[in-house]
Amino acid sequence: MTQAEIKLCSLLLQEHFGEIVEKIGVHLIRTGSQPLRVIAHDTGTSLDQVKKALCVLIQHNLVIYQVHKRGVVEYEAQCSRVLRMLRYPRYIYTAKTLYSDTGELIVEELLLNGKMTMSAVVKKVADRLTETMEDGKTMDYAEVSNTFVRLADTHFVQRCPWVPATENSDPGPPPPAPILVISEKDMYLVPKLSLIGKGKRRRSSDEDAAGEPKAKRPKYGTDNKEPIPDDGIYWQANLDRFHQHFRDQAIVSAVANRMDQFTFQTQTSSEVVRTMLRMSEITTPSTDPFTQPLSSNEIFRSLPVGYNISKQVLDQYLTLLADDPLEFVGKSGDSGGGMYVINLHKALGSLATATLESVVQERFGSRCARIFRLVLQKKHLEQKQVEDFAMIPAKEAKDMLYKMLSGNFISLQEIPKTPDHAPSRTFYLYTVNILSAARMLLHRCYKSIANLIERRQFETKENKRLLEKSQRVEAIIASMQATGAEEVQLQEIEEMITAPERQQLETLKRNVNKLDASEIQVDETIFLLESYIESTMKRQ
Amino acid sequence: MTSCFQTNNEFAHFSGRTNPMAGSQGRGRAAYTFNIEAVGFGRGEKLPDVVLKPPPLFPDTDYKPVPLKAGEGEDYMLALKQELRETMKRMPYYIETPEEKQDIERYSKRYMKVYKEEWIPDWRRLPREMMPRKKCKKAGPKSEKVKDMGKGASLTNTADVLKKIEELEKRGDGEKSDEENEEKEGGKEKSQEGDEEDDAAAEQEEYDEEEQEEENDYINSYFEDGDDFGADSDDNMDEATY
Numbered sequence: 001m002t003q004a005e006i007k008l009c010s011l012l013l014q015e016h017f018g019e020i021v022e023k024i025g026v027h028l029i030r031t032g033s034q035p036l037r038v039i040a041h042d043t044g045t046s047l048d049q050v051k052k053a054l055c056v057l058i059q060h061n062l063v064i065y066q067v068h069k070r071g072v073v074e075y076e077a078q079c080s081r082v083l084r085m086l087r088y089p090r091y092i093y094t095a096k097t098l099y100s101d102t103g104e105l106i107v108e109e110l111l112l113n114g115k116m117t118m119s120a121v122v123k124k125v126a127d128r129l130t131e132t133m134e135d136g137k138t139m140d141y142a143e144v145s146n147t148f149v150r151l152a153d154t155h156f157v158q159r160c161p162w163v164p165a166t167e168n169s170d171p172g173p174p175p176p177a178p179i180l181v182i183s184e185k186d187m188y189l190v191p192k193l194s195l196i197g198k199g200k201r202r203r204s205s206d207e208d209a210a211g212e213p214k215a216k217r218p219k220y221g222t223d224n225k226e227p228i229p230d231d232g233i234y235w236q237a238n239l240d241r242f243h244q245h246f247r248d249q250a251i252v253s254a255v256a257n258r259m260d261q262f263t264f265q266t267q268t269s270s271e272v273v274r275t276m277l278r279m280s281e282i283t284t285p286s287t288d289p290f291t292q293p294l295s296s297n298e299i300f301r302s303l304p305v306g307y308n309i310s311k312q313v314l315d316q317y318l319t320l321l322a323d324d325p326l327e328f329v330g331k332s333g334d335s336g337g338g339m340y341v342i343n344l345h346k347a348l349g350s351l352a353t354a355t356l357e358s359v360v361q362e363r364f365g366s367r368c369a370r371i372f373r374l375v376l377q378k379k380h381l382e383q384k385q386v387e388d389f390a391m392i393p394a395k396e397a398k399d400m401l402y403k404m405l406s407g408n409f410i411s412l413q414e415i416p417k418t419p420d421h422a423p424s425r426t427f428y429l430y431t432v433n434i435l436s437a438a439r440m441l442l443h444r445c446y447k448s449i450a451n452l453i454e455r456r457q458f459e460t461k462e463n464k465r466l467l468e469k470s471q472r473v474e475a476i477i478a479s480m481q482a483t484g485a486e487e488v489q490l491q492e493i494e495e496m497i498t499a500p501e502r503q504q505l506e507t508l509k510r511n512v513n514k515l516d517a518s519e520i521q522v523d524e525t526i527f528l529l530e531s532y533i534e535s536t537m538k539r540q
Numbered sequence: 001m002t003s004c005f006q007t008n009n010e011f012a013h014f015s016g017r018t019n020p021m022a023g024s025q026g027r028g029r030a031a032y033t034f035n036i037e038a039v040g041f042g043r044g045e046k047l048p049d050v051v052l053k054p055p056p057l058f059p060d061t062d063y064k065p066v067p068l069k070a071g072e073g074e075d076y077m078l079a080l081k082q083e084l085r086e087t088m089k090r091m092p093y094y095i096e097t098p099e100e101k102q103d104i105e106r107y108s109k110r111y112m113k114v115y116k117e118e119w120i121p122d123w124r125r126l127p128r129e130m131m132p133r134k135k136c137k138k139a140g141p142k143s144e145k146v147k148d149m150g151k152g153a154s155l156t157n158t159a160d161v162l163k164k165i166e167e168l169e170k171r172g173d174g175e176k177s178d179e180e181n182e183e184k185e186g187g188k189e190k191s192q193e194g195d196e197e198d199d200a201a202a203e204q205e206e207y208d209e210e211e212q213e214e215e216n217d218y219i220n221s222y223f224e225d226g227d228d229f230g231a232d233s234d235d236n237m238d239e240a241t242y
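Taken in sequence, the protein lines are chains R and F. Oh and the first sequence: position 434 is 434 in UniProt numbering, straight run, nothing missing. Oh and the second sequence: position 17 is 17 in UniProt numbering, straight run, nothing missing.
Laid out in structure tokens, this is it:
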């Protein structure tokens, strides 16, 4: 794990779980697999706190455990999974677009809690939805259950590995840690539950029959009185499926940008590609370089209802897509009206390359970008050839090449003419190694996000006093409004915050919003680059 | 740039010079060991100055960054992100760092405490060593049973006897000593880091009891064994005590 990744993980863990969990988590990421007492000793924290931290980390699928010889249990952190915490808003928003508010809340609860049983999720989501509904209306458990089942069927949520049901006649001591199993066919199997009920509104002033008195601290996890019907069956969000969806989205929008600029009403080419991707969702695992071949007839039948283009027009679009130099779609045969595949690996490669080009352009200027694209296209070029092809004067071309070289976007390839590698008799060719440039850019992205988070925390800390004051004032105003105060009194309280202070608060809010939005967008780039690198590594 | 400085071999070809240090000994002219044209500088051209310090922390950029994407989706995700950040802090998974004890307890602190729901993990899915070893009687029969199950496999006969003695002692002690048990256990566990095996856990608790007894005023009777407190004075007293 690089230093940049470790630093980013540290910031994320600290923001989400506090310093103790951060200390333990970062220690595990740095040192690899370790048993409990070594962790406590090396980090200097008490055993009790280490246990609590590990429980939290295991619950959120950030740490796994393994039983080694002699009953020693070792814990290992999953650094890449920690980095996924940046993407939580995107997962939740995607669920919202696909399955509306109910789906959104289901995914949100699963991500916030790591793992949950289906009944717990349904109850919690129904309660939350009821809060937002008008008085008198409640959300039925059945509706939430239906959405949950749909999420499971499309693989957006999956079952966690479970403790196998062993016979009670097992002799000998119980193992130090349960070995969890997982089976493909049961991973999306929804238990047959009959969840009947409605969401409850949380009343602040009285005690519900099923609610707890206000003074008692509510217990979470130990259910009230009824036994849980699906006890032990936990669900988690399936992040890979979301990634597959993001990848499909990226490909479709790339095709739309490229081919649909000139069709005003319908976006046919992107629609065709979207249909092809949808048909391959469950059949093709997301790590394959190509989707399964689809015949033109099948595609025609699967086009969304209401899309009335004729078969010939569809065939024309398919041919156009297959002939495009981007090579997103390829023709693999002629049966069934033409067999077409989507080149997933090539598509990811094009997207990564486009990202690199865009970065070069925004960082060094459009002439540099021209040189970069030139070298990309021609693969290897000498200094002189670059000047000639790009039609840029020698001095500037040289300057630009060196800027890109020191930024590691371009590299030099030596081709010796003689066995002694004499520099005067060696060709030095400029080339772009997409994989290593992508890695470099990814590393830079991690650093950027770490900087963004640190800056945001700094801004917030600088203005902490002011923020607390404004929160107090808001609380006072809210309570006064509830008890029916006059307009004049409210204004007086509002004036407790002076105009320059208001200005400061506005600036702070704007800055924090900008930093947060930047984090989300850098994460989009991270996703593209990581997908490309992963796809390339799988093929090697 | 890749390194292309070479061995003596190539010097002979290039300039016929046999002294490799000629160029760097103040002769005034640098001697290049390779064809300078290939790299792009002309001969005799002024080379850029040597950089003597690290680049500036916030360098000026010629090209300003492109504005952020704006749209419904982006706005929603931004609001979600900020909300999630706040929500996470209130969840039971966020473990607060224990604050330093303040000398004066502020009255307002009592009313500003955030009530967090307690979270209890599913112990069936976790390694047995994860369970906190509480010696509190109040924990109830469930945790006692679970604890026993946990230690059942690894205890030997002698440890069993020790455990029984421990339990008897526990029942004999007052409640206060139990609380002190819990507090001291946190401290004691730090000193037990040397032990690797889980078997040592039973002995560890034993050790806790013993050590804690020595420091605890309430368990030991105030006087040594053998002293008879009430006996002497009562002999001489004929009057009733008030």
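C-beta atoms are modelled at their ideal positions from N, C-alpha and C, and glycine is treated no differently. Because the structure is a prediction, the values reported are computed rather than measured.
### Query
Does any CB atom of chain R fall closer than 8 Å to the CB of Arg124/F?
yes
### Query
What's the C-alpha gap between Asp170/R and Gly330/R?
Confidence in Asp170/R is poor, its pLDDT being 47 and thus under 50, which makes the residue's placement unreliable; the coordinate value appears in the next sentence. C-alpha separation (whole angstroms): 56 Å.
#### Entry: Beta bridge counterpart(s) of Leu412/R as assigned by DSSP
Its beta-bridge partners are Tyr430/R.
### Query
Given Ala153/F, which residues of its chain have a CB within under 7 Å of its CB, disregarding the five upstream and five downstream residues?
With a pLDDT of 40 at Ala153/F, under the threshold of 50, the predicted position of this residue should be treated as unreliable, and no value is reported.
### Query
Are the C-beta atoms of Glu5/R and some chain A residue less than 8 Å apart?
No chain A appears in this structure, whose protein chains are R and F.
#### Entry: Contact belief for Asn297/R with Gly333/R at Cβ below 8 Å, rounded distance in angstroms
Not quite, the Cβ-Cβ distance comes to about 13 Å (not below 8 Å), so this is no contact.
### Query
Do Phe290/R and Val360/R have their C-beta atoms closer together than 8 Å?
no
### Task
Using 10 angstroms around the beta-carbon of Lys225/R, count the other beta-carbons present and answer buried if the total reaches 16, otherwise exposed.
Low per-residue confidence applies at Lys225/R: pLDDT is 49, beneath 50, and the placement is therefore not dependable, though the value from the model is reported in the following sentence. Under this definition Lys225/R is an exposed residue.
### Query
Looking at the C-beta of Tyr430/R, does it have a partner C-beta in chain F at a distance below 8 Å?
Tyr430/R does not count as touching chain F.
### Message
Less than 8 Å between the C-beta atoms of Ile95/F and Val50/R, yes or no?
### Response
no
### Contact list for Val66/F against chain R, beta-carbon separation under 8 Å
Close to Val66/F, with beta-carbon spacing below 8 Å, are these residues of chain R in chain order: Glu362.
### Message
Below 9 Å on C-beta distance, what does Cys445/R contact in chain F?
### Response
Within 9 Å Cβ-Cβ: nothing; Cys445/R doesn't reach chain F, min ~14 Å.
#### Entry: Where the beta strand (DSSP E) through Met339/R begins and ends
Met339 to Ile342
### Query
If contact means a Cβ-Cβ distance below 7 Å, which residues of the region 104-126 of chain R contact chain F?
Contact annotation: in the region 104-126 of chain R, residues whose CB is within less than 7 Å of a CB in chain F are Leu112.
### Message
Run through chain R and tell me which residues come within less than 9 Å of Gly95/F, C-beta to C-beta.
### Response
According to the sequence shown, residue 95/F is Ile rather than Gly. Simply Phe17, Gly18, Glu19, Ile20, Val21, Gln49, Lys52, Ala53 and Val56.
### Task
Could you please give the first and the last residue of the uninterrupted beta strand (DSSP E) stretch that includes Tyr75/R?
Val73 to Ala77
### Query
Looking at the C-beta of Thr86/F, does it have a partner C-beta in chain R at a distance below 8 Å?
The question names Thr, but residue 86/F in the sequence shown is Glu. It does not: the Cβ of Glu86/F has no partner Cβ on chain R nearer than 8 Å.
### Query
In angstroms, rounded to a whole number, what distance separates the CA positions of His443/R and Asp324/R?
32 Å
### Task
Under 7 Å between beta-carbons, which chain R residues line up against Gly73/F? List them in chain order, please.
Tyr93
### Query
Under three-state DSSP, which class holds Gly114/R?
In the structure shown, Gly114/R sits in coil (DSSP, three-state: anything other than H, G, I, E or B).
### Query
In the DSSP assignment, what are the bridge partners of Pro35/R?
Glu74/R
#### Entry: Inter-stretch contact at 8 Å, needing at least 3 Cβ pairs: the region 315-324 of chain R / the region 264-280 of chain R
yes
### Task
Taking 8 Å as the threshold, find out whether the region 399-408 of chain R comes into contact with the region 341-351 of chain R through three or more Cβ pairs.
no
### Task
Spell out whether any CB of chain F is found under 8 Å from the CB atom of Lys219/R.
Interpretation of Lys219/R is limited by its pLDDT of 41, a score under 50 that renders its predicted location unreliable; no figure is taken from the coordinates.
### Task
Determine which residues share a DSSP beta bridge with Arg159/R and list them.
Checking the DSSP bridge columns, you'll see Arg159/R partnered with Trp235/R.
### Message
Restricting to Cα atoms, I'd like to know which of Lys115/R, Val125/R and Ser119/R is closest to Pro121/F.
### Response
Taking only the C-alpha atoms, the option nearest Pro121/F is Lys115/R.
### Rounded C-alpha distance that separates Met480/R from Ile497/R
Approximately 17 Å, taken between the alpha carbons.
### Task
With DSSP as the reference, label Lys417/R as helix, strand or coil.
coil
#### Entry: Cβ separation of Glu15/R and Arg85/F, assumed to be a contact under 8 Å, to the nearest whole Å
The Cβ separation is near 7 Å, so the contact holds.
### Query
Could you give the residue range of the beta strand (DSSP E) that holds Val63/R?
Val63 to Val67
### Unbroken alpha helix (DSSP H) run spanning Lys331/R, endpoints
For Lys331/R, no alpha helix (DSSP H) encloses it; the enclosing beta strand (DSSP E) starts and ends at Val329 to Gly333.
### Query
Looking at the structure shown, is His60/R part of a helix, part of a strand, or coil, going by DSSP?
coil
### Task
Please determine, among Arg159/R, Ile196/R, Arg502/R and Leu508/R, the residue with the shortest C-alpha to C-alpha distance to Leu180/R.
Arg159/R
### Query
Roughly how far, in whole angstroms, is the beta-carbon of Arg201/R from the beta-carbon of Glu131/R, given that I think they are within contact range, below 8 Å?
6 Å
### Assigned secondary structure, Val190/R (DSSP; H/G/I helix, E/B strand, else coil)
coil
### Task
On the DSSP bridge assignment, give the partners of Lys198/R in chain order.
Looking at the DSSP assignment, Lys198/R forms a beta bridge with Asp140/R.
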